[in-house]
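> Take 32 as the starting number for the sequence shown in our numbering and just add one per residue.
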Amino acid sequence: MWQLGADDVDDLARGAELLGGGGGGEVRVATLLAKQLLRREPLTVLSPAELPGDARAVPIGLIGSVTVFEERFTAGTEFGAVVGALERHTGEEVSAVLAFEAAGVNLLLPVVAAARLGVPLLDADGEGRALPNLDQTVFTLARLPVTPMVLADALIGTVIIDAREAAQAERLARAGAVAMGGWALVGFAPQRARDLDRFAIRNSISLAKGVGKLLRRKKLDELLDTYGGRILFRGTIVETDRRYGNGYGRGTLVLQHAEDSERFLHVEFQNEYYLAVENGELRASVPDVICLLSSPGMNPLRTEHVRNGLTVTVLALPCAPAWRTSAGLGLAGPRAFGYDVDYTVPNGVA
Numbered sequence: 032m033w034q035l036g037a038d039d040v041d042d043l044a045r046g047a048e049l050l051g052g053g054g055g056g057e058v059r060v061a062t063l064l065a066k067q068l069l070r071r072e073p074l075t076v077l078s079p080a081e082l083p084g085d086a087r088a089v090p091i092g093l094i095g096s097v098t099v100f101e102e103r104f105t106a107g108t109e110f111g112a113v114v115g116a117l118e119r120h121t122g123e124e125v126s127a128v129l130a131f132e133a134a135g136v137n138l139l140l141p142v143v144a145a146a147r148l149g150v151p152l153l154d155a156d157g158e159g160r161a162l163p164n165l166d167q168t169v170f171t172l173a174r175l176p177v178t179p180m181v182l183a184d185a186l187i188g189t190v191i192i193d194a195r196e197a198a199q200a201e202r203l204a205r206a207g208a209v210a211m212g213g214w215a216l217v218g219f220a221p222q223r224a225r226d227l228d229r230f231a232i233r234n235s236i237s238l239a240k241g242v243g244k245l246l247r248r249k250k251l252d253e254l255l256d257t258y259g260g261r262i263l264f265r266g267t268i269v270e271t272d273r274r275y276g277n278g279y280g281r282g283t284l285v286l287q288h289a290e291d292s293e294r295f296l297h298v299e300f301q302n303e304y305y306l307a308v309e310n311g312e313l314r315a316s317v318p319d320v321i322c323l324l325s326s327p328g329m330n331p332l333r334t335e336h337v338r339n340g341l342t343v344t345v346l347a348l349p350c351a352p353a354w355r356t357s358a359g360l361g362l363a364g365p366r367a368f369g370y371d372v373d374y375t376v377p378n379g380v381a
């Protein structure tokens, strides 16, 4: 058990941006909301093991457009609407919340939810990085029920989704978010604490806070020594190719090495950075977290912010072990995103 205070939020947000691996969305509004609430009272953060085994916790976050959320952000009523609807529908009392995706805005919104609801936040999540679809979680890998799922906004109300498969719930939730004006707060089926202790990705909040603090202090070597990962490349973006398909922006970046003009790194992205290929050799791939940091500022760069002329450092951070299993790679490996390559452990020299 530990306390998360307002002074921790900036580091948490910076870490959330890094773990987004180029995705996860803008965190500015969610950061301001979290600070405002935690100035009143710090938030209790628990591991799943610190709850009774049968206690229930709701994975919660945003589905839809983060850009629309930034323009038409939460009224504050959505959090209670989601949890209240789940409690009524399941007959189970909710004792805590957690992030279904510990990256970007979806790491900050559970902080806001816990503070508004007066319940603890769990130091755990369902992805350990950003992924584009609601069914790409370790809950799906563990065959835990993700429905009934509830969507809520401040205007229309709530939508309850019951579906047999997580992929079906994802499609219905995506359509619901569009109908609700572009984004909605989403809560998964309440999960038993004992199941979360066994299957969820642990220490997600601690990780984001820790890497964010080291980024703020520009301690990149210490970050990699402490949390794993490696520097893949240092160079300048010389080509940016963007296109749109299957509901997501995608493209390719080409970087030229800072010291060797014959070395080029191609970074393939969709919502996040998914492949890093140097001179035809795969250096890193999803589900590991490929990150671009501005140089010398060491600010995480999302896919929508990269452009020609930027000098960057490319990192690869290790994914949760569950993603490196055959089932995990089937759900969130390179082939799940249409790339005809097999996963490889990050390799090579910067």
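Every residue gets a Cβ at the ideal spot worked out from N, C-alpha and C, and that includes glycine.
Excluding the 5 residues preceding and the 5 following S325 in the sequence, name in chain order all residues of the same chain whose CB lies nearer than 7 Å to its CB.
Start at 1 with the first residue of the sequence shown, and residue 325 comes out as number 294. Excluding residues within five positions, the ones whose Cβ falls inside 7 Å are L332, L341 and V343.
> Looking only at C-alpha atoms, which of F131, L348, P352 and L69 sits nearest to L251?
Within the sequence shown, numbered from 1, the residue matching residue 251 stands at position 220. Nearest of F131, L348, P352 and L69 to L251, Cα basis: L348.
> Could you tell me how far apart the beta carbons of T189 and A116 are, in whole angstroms, since I believe they sit closer than 8 Å?
Residue numbering aside, residue 189 sits at position 158 when the sequence shown is read from its first letter. Residue numbering aside, residue 116 sits at position 85 when the sequence shown is read from its first letter. Their Cβ separation, rounded to whole angstroms, is 5 Å, which keeps T189 and A116 in contact under 8 Å.
> Within a Cβ cutoff of 7 Å, which residues of the same chain sit near G56, ignoring the five residues on either side of it in sequence?
The count along the sequence shown starts at 1 and reaches residue 56 at position 25. These residues qualify, in order along the chain: V97, G135 and V136.
> Can you give me the C-alpha to C-alpha distance between T267 and T108, rounded to a whole angstrom?
Indexing the sequence shown from 1 puts residue 267 at position 236. Indexing the sequence shown from 1 puts residue 108 at position 77. Distance between the alpha carbons of T267 and T108 is about 45 Å.
> First and last residue of the alpha helix (DSSP H) that includes S357?
Position 326 of the sequence shown holds residue 357. Residues S357 to A363.
> Which residue wins for smallest C-alpha separation from R59, given the options L138, R87, F110 and L74?
Taking the first residue of the sequence shown as 1, we reach residue 59 at position 28. Taking only the C-alpha atoms, the option nearest R59 is L138.
> Can you give the beta carbon distance from P90 to Q222, rounded, assuming they're within the 8 Å contact cut?
As a working mapping, residue 90 is identified with position 59 in the sequence shown. As a working mapping, residue 222 is identified with position 191 in the sequence shown. About 7 Å; that satisfies the 8 Å criterion.
> Distance, Cα to Cα, A37 vs K240?
In the sequence shown, counting from the first residue as 1, residue 37 sits at position 6. In the sequence shown, counting from the first residue as 1, residue 240 sits at position 209. So the alpha carbons of these two residues sit roughly 12 Å apart.
> State the DSSP-derived secondary structure class of D272, mapped to helix, strand or coil.
Residue 272 sits at position 241 when you count from the first residue of the sequence shown. In this structure, D272 counts as strand in the three-state DSSP scheme.
> Counting only the same chain and skipping the five closest in sequence on each side, list residues whose C-beta sits under 6 Å from that of Y304.
Indexing the sequence shown from 1 puts residue 304 at position 273. If we look at Y304 and ignore the five residues flanking it on each side, its Cβ neighbours are G52, G53, V298 and I321.
> Which stretch, first to last residue, makes up the alpha helix (DSSP H) that contains Q67?
The residue given as residue 67 occupies position 36 in the sequence shown. First-last of the alpha helix (DSSP H) with Q67: R59 to R71.
> E81 and M32 - do their beta-carbons sit closer together than 9 Å?
Along the sequence shown, read from residue 1 onward, the residue named residue 32 stands at position 1. Along the sequence shown, read from residue 1 onward, the residue named residue 81 stands at position 50. Yes.
> Can you give the Cα-Cα distance for L93 and F219, rounded to whole angstroms?
The residue given as residue 93 occupies position 62 in the sequence shown. The residue given as residue 219 occupies position 188 in the sequence shown. Roughly 11 Å separates the two Cα atoms.
> When burial is assigned at 16 or more other CB atoms within 10 Å of the CB, is S235 buried or exposed?
Your numbering for residue 235 matches position 204 in the sequence shown. Looking at its Cβ environment, which holds 16 or more other Cβ atoms inside 10 Å, S235 is buried.
> Beta-carbon within less than 7 Å of G359's beta-carbon, same chain only, minus the 5 sequence neighbours each way: which residues are those?
As a position in the sequence shown, residue 359 is number 328, starting the count at 1. If we look at G359 and ignore the five residues flanking it on each side, its Cβ neighbours are L172, P318 and A353.
> Within 10 angstroms of its Cβ, does D371 collect 16 or more other Cβ (buried), or is it exposed?
By 1-based counting over the sequence shown, the position of residue 371 is 340. Looking at its Cβ environment, which holds fewer than 16 other Cβ atoms inside 10 Å, D371 is exposed.
> Go to S235, then tell me how far its alpha helix (DSSP H) extends in each direction, as first and last residue.
The sequence position of residue 235 within the sequence shown is 204, counting from 1. Run containing S235: S235 to R247, per the alpha helix (DSSP H) assignment.
> Which residue marks the beginning of the beta strand (DSSP E) containing Y304, and which one marks its end?
Translated into the one-based positions of the sequence shown, residue 304 becomes position 273. Looking at the DSSP string, the run of the beta strand (DSSP E) that includes Y304 is Y304 to E309.
> Can you give me the Cβ contacts of S126 inside the same chain, cut-off strictly under 7 Å, excluding the 5 residues immediately before and after it?
The sequence position of residue 126 within the sequence shown is 95, counting from 1. Cβ within range, chain order: L82, A86, R87, A88 and V150.
> My output table needs one value for E123: the three-state DSSP class, helix, strand or coil.
Counting from 1 along the sequence shown, the entry for residue 123 is found at position 92. In this structure, E123 counts as coil in the three-state DSSP scheme.
> On the DSSP bridge assignment, give the partners of H297 in chain order.
In the sequence shown, residue 297 corresponds to position 266, counting from 1. Answer is V285 and V308, bridged to H297.
> Under DSSP, the beta strand (DSSP E) around T334 begins and ends at which residues?
Residue mapping note: residue 334 aligns to position 303 of the sequence shown, counting from 1. No beta strand (DSSP E) contains T334, which DSSP labels as neither H nor E.
> When the Cβ atoms of the region 149 to 169 are set against those of the region 65 to 79, are three or more pairs found closer than 8 Å?
At 8 Å Cβ cutoff, the stretches touch.
> Counting only the same chain and skipping the five closest in sequence on each side, list residues whose C-beta sits under 8 Å from that of A194.
Here residue 194 refers to the residue found at position 163 when the sequence shown is read from its first residue. Counting only Cβ-Cβ distances below 8 Å, and skipping sequence neighbours, we find T178, M180, A200 and L203.
> What residues in its chain sit with their C-beta under 8 Å from that of I232, if we drop five residues either side in the sequence?
The residue labelled residue 232 in the question sits at position 201 within the sequence shown. Counting only Cβ-Cβ distances below 8 Å, and skipping sequence neighbours, we find A133, A155, D156, G157, E158, G159, V169, A351 and A353.
> With a 10 Å radius around its C-beta and 16 neighbouring C-beta atoms as the bar for buried, classify L186 as buried or exposed.
Your numbering for residue 186 matches position 155 in the sequence shown. Exposed, by the Cβ-count rule.
> Within the same chain, show all residues whose beta-carbon is closer than 8 Å to that of E124, passing over the 5 residues directly before and after it, in chain order.
Indexing the sequence shown from 1 puts residue 124 at position 93. Same-chain partners within the cutoff: R87 and E118.
> Quickly, what does DSSP pair C322 with across the bridge? List them, please.
For the purposes of this step, residue 322 is taken as the residue at position 291 of the sequence shown. Answer by DSSP bridge pairing, in chain order: L346.
> Do L182 and V113 have their beta-carbon atoms positioned less than 9 Å apart in this structure?
Here residue 113 is taken as the residue at index 82 of the sequence shown, counted from 1. Here residue 182 is taken as the residue at index 151 of the sequence shown, counted from 1. Cβ distance < 9 Å, so V113 and L182 count as in contact.
> CB D184 to CB L148, shorter than 9 Å?
Stepping through the sequence shown from its first residue, residue 184 is reached at position 153. Stepping through the sequence shown from its first residue, residue 148 is reached at position 117. No; because the gap between Cβ atoms is not below 9 Å, this pair is not in contact.
> Looking only at its chain, what residues have a beta carbon closer than 7 Å to the beta carbon of P377, apart from the 5 residues adjacent to it on each side?
One-based indexing of the sequence shown puts residue 377 at position 346. For P377, where only same-chain residues beyond five positions count, the Cβ hits under 7 Å are R261, L263, R314, A315, D319 and A347.
> In terms of residue numbering, what span does the beta strand (DSSP E) encompassing V89 cover?
Against the sequence shown, residue 89 aligns to sequence position 58. R87 to G95 is the extent of the beta strand (DSSP E) around V89.
> Kindly list the residues whose CB is nearer than 7 Å to the CB of H120, restricted to its own chain and excluding five residues on each side of it in sequence; keep chain order.
Mapped onto the sequence shown, residue 120 falls at position 89. Excluding residues within five positions, the ones whose Cβ falls inside 7 Å are P179 and I191.
> Of all the options L50, D228, V143 and E72, which has the alpha carbon lying nearest to the alpha carbon of G84?
As a position in the sequence shown, residue 84 is number 53, starting the count at 1. Cα-wise, what sits closest to G84 is D228.
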